[in-house]
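Residues in the sequence shown are numbered consecutively from 17, following the working numbering.
For glycine and all other residues, C-beta sits at the position ideal for the given N, C-alpha and C.
The structure displayed is predicted, hence computed values, not measured ones.
To start, the structure itself, in C-alpha cells.
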Amino acid sequence: MTRGALAVALVALLLAAPRLRAEEAPPWCYPGDGIEELSPTVCHFAPKKSSHDTLVVFLHGLTKVGTRWQHDGERTLVRGANANGFDVIMPRGRVLRGDLFNWPTSVKDQAALESDVLGEWQAAREALEQRNGKPFERVYVWGFSAGAYYVSSLALRGKLPVAGYATFAGGAAPKGSARWARGTHPKPPIYVGYGKKDKSRKDPMRLAHELAVMHWPRKVVERKKLGHSMTDAQMREAFQFLSKTSSGK
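Given below as C-alpha cells:
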C-alpha cells in the first residue's frame, strides 16, 4: 500500500469511528478535593465551615466528550470557594452538535433544552437547601468562556431570579440588545472580567458597552497580561463586588 493510500485509509477509519456518547463519558466530577457528585451531571463543593448562605452556579467552557478538561475548572472553583466562603455547584452542559458539551445560547437550542438545563440547577439547589435545613440567601451564576456567553444571555433575558452574575473570558451582547434588554427587571449586578491578550476580548468589551448604555449595575475589569483564562484574583474580585451590590435571591 502506498503512503497516499495508507493516509486515505487512516482518515476513513477515523471518520468511521463512532463518537463517544455523553452517557459513555468519564465521570464528570473530579474525584478529590472534597468535590461531591450530587448526580452524574452535577458536582458540588462546600467549604468545611460553610455557613451555606451563598451558592455559586458555575458554567464550564467548551468540553470535549471523553476528556477531563472540566476537572481543572472544578478544582479552580474549589479554591475560590475555600478562599471566599461560598458553596458551588458545577453542572454539565449538553451535547448540542459534534462531540462538545456546551450551553444553549441559540434560540433553537433554548427552546429545546433550556427548561431542562435550568430545572437541573434548581433541583440541585433544592436538594442542598433541604440538606442544609435552610435556603441560600444569595445565588450567583458564573461562567467561563462558553459558559460566560450563556451567563450573559440569561442575564440580559432576565431568565433567573438570582442575585448576580459573573462572566470570565467571555460573554456577549447581541446587536440591538440594549433596546430589548433595557426593559429587563430587575437588573442584578454583573461582573465582567477578561484579559487584554484574549483573542475573544471584543465580545466581553461589547457586553460591557451595552450594559453601560442600559445603566446596568456592573464591574468591568480588563487585565493587561491575561489571556483566555480565569484567575483566583478575578473570582475574589467578582465575589466581593457581588456581595456588596446584590440583594438576596
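Shown here for GLY96: same chain residues with a beta carbon closer than 7 Å to its own, the five before and five after excluded, namely ASP248 and MET251 in chain order. Within a 10 Å sphere around the beta-carbon of TRP44 sit 16 or more other beta-carbons, which makes this residue buried.
Taking 4 residues as the shortest admissible run, the stretch 72-150 contains the following complete alpha helix (DSSP H) segments, listed from N- to C-terminal end: 86-100 and 123-148. Excluding residues up to 5 positions away in sequence, THR121 lie with their Cβ nearer than 7 Å to the Cβ of SER169 in the same chain. One thing to note: GLY211 has its Cβ within 8 Å of the Cβ of ARG239. The three-state secondary structure of GLY50, taken from DSSP, is coil. Annotated as proximal: ALA171 and TYR181, with beta-carbon spacing under 8 Å.
Counting of Cβ neighbours within 10 angstroms places ARG147 among the exposed residues, the total staying below 16. For TRP196, the three-state secondary structure derived from DSSP is helix. Of HIS225, LYS80, VAL237 and LYS150, the smallest CA-CA separation from ALA162 is found for LYS80. With three or more CB-CB distances shorter than 8 Å, the stretch 85-101 counts as touching the stretch 50-68.
Across the structure, PRO233 and PRO47 are spaced so that their CA atoms are roughly 38 Å apart. Secondary structure note for HIS225: its alpha helix (DSSP H) is the uninterrupted segment 218-229. For GLU238, the beta-bridge partners assigned by DSSP are TYR210. Closest by C-alpha distance to PHE184, out of GLY82, HIS60, ASP69 and LEU93, is LEU93. When only Cα atoms are considered, HIS201 and LEU176 end up about 11 Å apart. Bounds of the alpha helix (DSSP H) holding PHE257 are 248-261.
As computed with DSSP, PHE61 is found in a beta bridge with VAL104.
Residue burial is scored here from C-beta neighbours: GLN126 has at least 16 other C-beta atoms within 10 angstroms and is therefore classed as buried. Counted as a single uninterrupted DSSP element, the beta strand (DSSP E) harbouring ALA182 occupies residues 180-184. Segment contact: the stretch 186-193 against the stretch 98-116, fewer than three CB-CB distances shorter than 8 Å; contact not assigned. Collapsing the DSSP output to three states places SER161 in coil.
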